[in-house]
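K.L.:
Chains A, B, C and D are the protein sequences, given in the same order. Just so we're aligned, residue 1 is where the first sequence starts under this note's numbering, counting upward by one. Just so we're aligned, residue 421 is where the second sequence starts under this note's numbering, counting upward by one. Just so we're aligned, residue 841 is where the third sequence starts under this note's numbering, counting upward by one. Just so we're aligned, residue 976 is where the fourth sequence starts under this note's numbering, counting upward by one. Following this message is one structure expressed as structure tokens.
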Amino acid sequence: MAVTARATGSAATLDVARIRQDFPVLSQTVHGKPLVWLDSASTSQKPRQVLEAMRVVYEEHNANIHRGVYEFSERTTAAFEDARAAVARFINAPSPREVIFVRNATEGLNLVAYAWGRDNLRKGDRVVTTVLEHHSSFVPWQQLAQDVGAELVVVDIDDDGRLRLDQMRAELEKGAKVLAITHTSNGLGVIDPVKEVVGWAKRAGATTIVDAAQSAPHMRVDVQDIGCDFIAFSGHKMLGPVGSGVVWGRAALLERMRPFLYGGDMISRVSIERSDWNELPWKFEAGTSAYVDAIGLGAAVRYLEEVGIDAIHRHEVALVAHLLPPLLAEDGVTVFGPHDTRDRVGVVSFDVKGIHPHDMATLLDREGIAVRAGHHCNNPLMTRLGVSATTRASTYLYNTNEEMDALVAAVRKAKKVFGL
Amino acid sequence: MAVTARATGSAATLDVARIRQDFPVLSQTVHGKPLVWLDSASTSQKPRQVLEAMRVVYEEHNANIHRGVYEFSERTTAAFEDARAAVARFINAPSPREVIFVRNATEGLNLVAYAWGRDNLRKGDRVVTTVLEHHSSFVPWQQLAQDVGAELVVVDIDDDGRLRLDQMRAELEKGAKVLAITHTSNGLGVIDPVKEVVGWAKRAGATTIVDAAQSAPHMRVDVQDIGCDFIAFSGHKMLGPVGSGVVWGRAALLERMRPFLYGGDMISRVSIERSDWNELPWKFEAGTSAYVDAIGLGAAVRYLEEVGIDAIHRHEVALVAHLLPPLLAEDGVTVFGPHDTRDRVGVVSFDVKGIHPHDMATLLDREGIAVRAGHHCNNPLMTRLGVSATTRASTYLYNTNEEMDALVAAVRKAKKVFGL
Amino acid sequence: MDDLYRENILDHYKNPRNYGELEGATHHYHDTNPLCGDEITMFLLVGESGRIDDVHFTGRGCAISQASASLLTERIKGKTLDEVKGIDKEAVLEDLGITLSPARVKCALLSLKTLKAAAWGLTAWPGEEAKQAAE
Amino acid sequence: MDDLYRENILDHYKNPRNYGELEGATHHYHDTNPLCGDEITMFLLVGESGRIDDVHFTGRGCAISQASASLLTERIKGKTLDEVKGIDKEAVLEDLGITLSPARVKCALLSLKTLKAAAWGLTAWPGEEAKQAAE
Ligand SMILES: Cc1ncc(COP(=O)(O)O)c(C=O)c1O
Ligand SMILES: Cc1ncc(COP(=O)(O)O)c(C=O)c1O
């Protein structure tokens, strides 16, 4: 139960006070209390730099991309493709051609299931996934498996909330056509050893899809190092605007796949009889992209790079290390997932006996603290944990130890209200 | 060739000078000349009111929608659902439950093809569409028809660019499973009599999908009056942000359809074995919606309502009436589509003999005028017209007669450069 | 003290009235609020007189959802099914006596939704029955 | 006068050199720029000596794309295929002698792209051949 001190020392590398000045929303108050934003796993707040990058497009050179030969369109197109290059660098993609802008991780994961899965998954194939998956990573494969008659294998966690690697390995050794795995659990904050698991899956000949919605914002994600075939994440969870998201895939696979959405821009030629597709990545970007949002995501990625993604990870682990001991010391508190800080990000799911998470979230809100209560789009995990909902506090680069203290104090106060 | 004076008189109802003050980008210069934005059919500019509505969310109460019980989430959710209600009112939808937020018209049209089409279109069925379709309305059905072995029937236009209603009627009388028709051609600016055509299609028992990407921004679109089953349009073409779009469908159909994208929010319950879907409209909104963009679209719709969509339509027709005579009087100029203003919106596609549209767009850009050159995602129409590209000027509520004059002057100048 | 969690509500939450399954119920219905996992099952015993002779509920979830179910059982004893079908949400919110934000209103109204479904004699939501039967 | 449309470019556009199909060409290739519909077909006649004895092109499109094709045919006569494969885009842009924005650079380079494909002996873009054969 002891929290390892491992990362605490390095938290000083983040100048949180300065960072907070970049986030206009953090100076708001809620019910008369200063806002404490502990719901970044749901969506992060945005720095001025991101909002400014978007403002510049809308107010200074807004034009549809790719299709115009005039000045505004050229400028906007250049900014859009710069954002793509920034994202490619951020995840160490071999080429920006492999970076496809989508609305969010959900669309990215569905794109893979539709455009790769429908043409490749067959009756009797095995789809291996985990009980930690978010619905967006789980349900597309559950449905496709049902449609084609494939087998869905759901690997369990141990009592600490960590993936059962023994079971995973054994299942992959039995053979698999698809591995769909989350890099980081949005319910428990544990990091899966995806590089290792992807290695096993590759040996089984599986195509591997990693859900990086909770990892890309908070820790280094290197697609070449992981070795997977596809990865997806959402811009809005990593300081970018809503409406921006990314699916990355290996060019060799993307080239062989059918398109997903059909329409403007993804086409090279259309006759009444047939259509030919545009080159990567545009083949998968039908219609007018949310180009301003993508440009915002580019600015977000540059902001994260400047602060340093490793420093951010260390900072968040330090926050967890600060939070866990007093929280665990409270009577009636259960923390789901590991109680140490090994392979962990800043997500802490907990329950207080006698107070439903919904009531807890309401009571914390009265103290200005925004946390999430519910199943976190993690029904199978909730069932596995034997609960219907948890209260989840999640951190980011702008959070402080003082805010962790405020959370513990507010939990105590909530217990008083309930006479506990 | 005479331009009807019909709408000219009523243009005065729009206070364009005041309207222009709402659009920050319109005071920019290009190559030292004041910007003349004549590419609204590709994407419109945005008024302060829309940008401000979005800023307020990001800076004052940003939070993921639907899933939070705390204050910010409640406020953002309320603003998001208000936007949905505003859109429903704008298109006279029977209920906001039928209004689904998507990225753009393209996604909306693909949603229908995937979620309705795949389960309903069968070998031998007839899909009736037109040569006026944008690729986003055409290619999803072309591909699906090929996949299932359905027949694709493409109705022609007459030499004026108007839909061949005789042919359309005859084809529908032969029977049809699907009618996919654009309300307004983005290539020629003609309005299709969709109400009449939808009526014939209904009698044939067809499901009817109307592409309103070019109509919803510029004229009254009343889904109940048209009587179709689905309609789709893009926010970014109607003063809203990129990343916002709508597909409307009849509740009875939407309820019977399978979902399109699977993931967070569109679910009511997930177990390892099965999933149950959320109610409309959320069943079709998987993952984190681009809620800020949707809220921006809500503000755009309110702006359009305040100015008055009928007044906007009249104003644009008046601009066309002002532009056509001097343009047609120029030696070597061909205007595609009707030369009068009957059933028309503010799209004027033209060609100048001896100057390729690409060169024309570049030369106009040097004069500060942004027009589009290319096939406008209208390959089949270009083939029908016997050209590979056209130059397209398109108007909106913020354009003036003086800008039409500037366009004609710049066309003359371009001819001089080319020694014509 | 937070006025949302008044004495009365916490009392009904901690000591729910009419709690437990009801043997021989003539009507019962189960529903959930997927957002938070709140669950309510309502059991009605309608006698010869056409009146609700007994009502029980079981459930789990937040204080608002459980207290409102408990309050509701007190309100309906002795009523006819038609009277139950006529209860509006304002009545439930009045019984609670607090102002709720939209998300929490859903918690408060789950019990009424469940009760009405029971009163109408449903065993599953329309549309779901077919789905369940098909499995 | 706009410096983008210099005398020289307009001259090559209006009076393209080496225009027309080439009977007995040993290499030829057709390509388009889907954005604007520009089209170029390049025809090469490579003699015993391994040098380009004759080159023609046909096409339609904007002044930039057609002038650059015309200029390119002048540049390569008498060269070997290997020399042609080594021509870089800077050379083409230099021949044009103007500064182009990214969208227009594509127009300028269509001729080079087509020429190189012809020199490599392609008849369709890799991947497309199979697609076309399958029809
Ligand atoms: C008639 C028509 N339909 C569909 C579209 C596609 O719109 P979007 O690119 O916003 O999806 C357009 C826009 O170019 C259009 O003009
Ligand atoms: C692990 C994980 N995957 C996928 C998603 C889906 O992200 P979005 O809603 O942005 O599509 C989330 C966000 O909730 C997540 O936490």
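We put the beta carbon where it would ideally sit given N, CA and C, even for glycine.
#1: Where does P34/A sit, in a helix, a strand or coil, going by DSSP?
#2: Taking DSSP as the reference, what is the three-state secondary structure of D211/A?
#3: Distance, Cα to Cα, G887/C vs K925/C?
#4: Spell out whether any CB of chain B is found under 7 Å from the CB atom of Y980/D.
#5: Measure the C-alpha to C-alpha separation of G243/A and H313/A and round it to an integer number of angstroms.
#6: Could you check the C-alpha separation between A907/C and H868/C for me, to the nearest Å?
#7: W200/A lies in the alpha helix (DSSP H); which residues open and close that run?
#8: Using the three-state DSSP reduction, which class does A626/B fall into: helix, strand or coil?
#9: Quick one: is H554/B near chain D, going by C-beta distance under 7 Å?
#10: For the structure I just gave you, are there three or more beta carbon pairs, one from the segment 681 to 694 of chain B and one from the segment 95 to 115 of chain A, closer than 8 Å?
#11: Quick check on the DSSP output: what are the complete alpha helix (DSSP H) runs of length 4 or more inside the segment 211 to 269 of chain A, in order along the chain?
#12: Between the Cα of S951/C and those of P856/C, E847/C, N848/C and D851/C, spot the shortest distance and give me the residue it belongs to.
#13: Can you list, in chain order, the residues of its chain whose CB lies under 6 Å from that of A2/A, leaving out five sequence neighbours each side?
#14: Taking the beta strand (DSSP E) that E453/A falls in, what are its first and last residues?
#15: Within 8 Å, do at least three Cβ pairs link the segment 479 to 488 of chain B to the segment 345 to 358 of chain A?
#16: List in chain order: all unbroken alpha helix (DSSP H) runs of 4+ residues lying wholly within the segment 857 to 906 of chain C.
#17: At what residues does the beta strand (DSSP E) containing V753/B begin and finish?
#18: Among Y291/A, D158/A, R412/A and V194/A, which one has its Cα closest to the Cα of M54/A?
#19: Over the uninterrupted alpha helix (DSSP H) stretch that includes F510/B, give me the two end residues.
#20: Looking at the C-beta of V417/A, does it have a partner C-beta in chain C at a distance below 7 Å?
#21: Got a sec: does ligand 2 put a non-hydrogen atom nearer than 6 Å to the Cβ of Q142/A?
#22: Take every Cβ of the segment 171 to 184 of chain A, pair it with every Cβ of the segment 67 to 76 of chain A, and state whether three or more of those distances are shorter than 8 Å.
#23: Determine the direct distance from the alpha carbon of H987/D to that of G1012/D, and round the result to whole angstroms.
#24: Can you name, in chain order, every residue of its own chain whose Cβ lies under 6 Å from the Cβ of G149/A, other than the five neighbours on each side?
#25: Would you say the beta carbon of N482/B is closer than 6 Å to some non-hydrogen atom of ligand 2?
#26: What does I687/B touch in chain A if you count any residue whose Cβ is under 9 Å from its own?
#27: Would you kindly check if the distance between the Cβ of I646/B and the Cβ of V614/B is under 7 Å?
#28: Flag A990/D as yes when its Cβ comes closer than 6 Å to any non-hydrogen atom of ligand 1, and as no otherwise.
#29: I'd like to know if Q214/A contacts chain B, where contact means its C-beta is closer than 7 Å to some C-beta of that chain.
#30: Tell me which residues of the segment 916 to 949 of chain C have at least one Cβ-Cβ distance to chain B shorter than 7 Å, keeping chain order.
#31: Is the segment 706 to 720 of chain B in contact with the segment 452 to 470 of chain B, if contact means three or more CB pairs nearer than 8 Å?
#32: Count the C-beta pairs between the segment 1068 to 1075 of chain D and the segment 1022 to 1038 of chain D that are closer than 8 Å, then say yes if the count reaches three, no if not.
#33: Under 8 Å, CB to CB, which of the residues in the segment 279 to 307 of chain A have a partner in chain B?
#34: Counting only beta-carbon separations shorter than 7 Å, does E74/A have a partner in chain D?
#35: In whole angstroms, what is the alpha-carbon distance linking I789/B and T550/B?
#36: When you check each C-beta in the segment 803 to 815 of chain B against every C-beta of chain D, which residues fall closer than 7 Å?
P.N.:
In short, the structure shows the following:
#1: Three-state DSSP puts P34/A in a strand.
#2: It is a strand residue.
#3: When only Cα atoms are considered, G887/C and K925/C end up about 17 Å apart.
#4: By this cut-off, Y980/D is an interface position.
#5: Answer to the nearest angstrom: the Cα atoms are 25 Å apart.
#6: Taken atom to atom, the span from the alpha-carbon of A907/C to that of H868/C is near 19 Å.
#7: From DSSP, the alpha helix (DSSP H) with W200/A extends over V194 to R203.
#8: Three-state DSSP puts A626/B in coil, outside helix and strand.
#9: It does not: the Cβ of H554/B has no partner Cβ on chain D nearer than 7 Å.
#10: By the Cβ rule, the segment 681 to 694 of chain B counts as touching the segment 95 to 115 of chain A, because three or more pairs are nearer than 8 Å.
#11: Within the segment 211 to 269 of chain A, the complete alpha helix (DSSP H) runs of at least 4 residues are 223 to 226 and 251 to 256.
#12: Minimum Cα distance to S951/C is reached at P856/C.
#13: Caution is warranted here: a pLDDT of 37 is assigned to A2/A, below 50, making its placement in the model unreliable, and the coordinate value is therefore given only provisionally. Cβ neighbours of A2/A beyond the five flanking positions: none.
#14: Since the first residue shown for chain A is 1 and the last is 420, residue 453/A is missing from the structure and cannot be characterised.
#15: Counting C-beta pairs with one atom in each stretch, the segment 345 to 358 of chain A and the segment 479 to 488 of chain B have fewer than three that are closer than 8 Å, which means they do not touch.
#16: Correct list: empty.
#17: Secondary structure note for V753/B: its beta strand (DSSP E) is the uninterrupted segment V753 to F756.
#18: In terms of Cα proximity to M54/A, the closest of Y291/A, D158/A, R412/A and V194/A is Y291/A.
#19: In the DSSP annotation of this structure, the continuous segment of the alpha helix (DSSP H) that includes F510/B starts and ends at E491 to F510.
#20: Closer than 7 Å to some Cβ of chain C, the Cβ of V417/A qualifies, so yes.
#21: Q142/A Cβ: outside cutoff for every heavy atom of ligand 2.
#22: Taking a contact to require three or more Cβ pairs closer than 8 Å, the segment 171 to 184 of chain A and the segment 67 to 76 of chain A do not qualify as touching.
#23: For G1012/D and H987/D, the distance between alpha carbons rounds to 19 Å.
#24: Within its own chain, the residues whose Cβ lies closer than 6 Å to the Cβ of G149/A, once the five positions on either side in sequence are excluded, are K123, listed in chain order.
#25: For ligand 2, not one heavy atom lies less than 6 Å from the Cβ of N482/B.
#26: Those are H135, V139, C377 and N379, listed as they occur along chain A.
#27: The Cβ atoms of V614/B and I646/B sit closer than 7 Å to each other.
#28: Checking the displayed sequence, the identity of residue 990/D turns out to be Asn instead of Ala. For N990/D, the CB stays at least 6 Å from every heavy atom of ligand 1.
#29: Interface flag for Q214/A against chain B is unset, since no Cβ pair is found closer than 7 Å.
#30: So the list reads S941, P942, A943 and R944, given in the order they occur along the chain.
#31: By the Cβ criterion, the segment 706 to 720 of chain B is in contact with the segment 452 to 470 of chain B, since at least three pairs of Cβ atoms, one from each stretch, lie closer than 8 Å.
#32: The segment 1022 to 1038 of chain D and the segment 1068 to 1075 of chain D do not touch, with fewer than three beta-carbon pairs separated by less than 8 Å.
#33: Those residues of the segment 279 to 307 of chain A that come within reach of chain B (Cβ to Cβ, closer than 8 Å) are A286, G287, T288, S289, A290, Y291, V292 and D293.
#34: Contact with chain D is found for E74/A, since one of that chain's Cβ atoms lies less than 7 Å from the residue's Cβ.
#35: Rounded to the nearest angstrom, the two C-alpha atoms are 31 Å apart.
#36: Contact annotation: in the segment 803 to 815 of chain B, residues whose CB is within less than 7 Å of a CB in chain D are S808 and A809.
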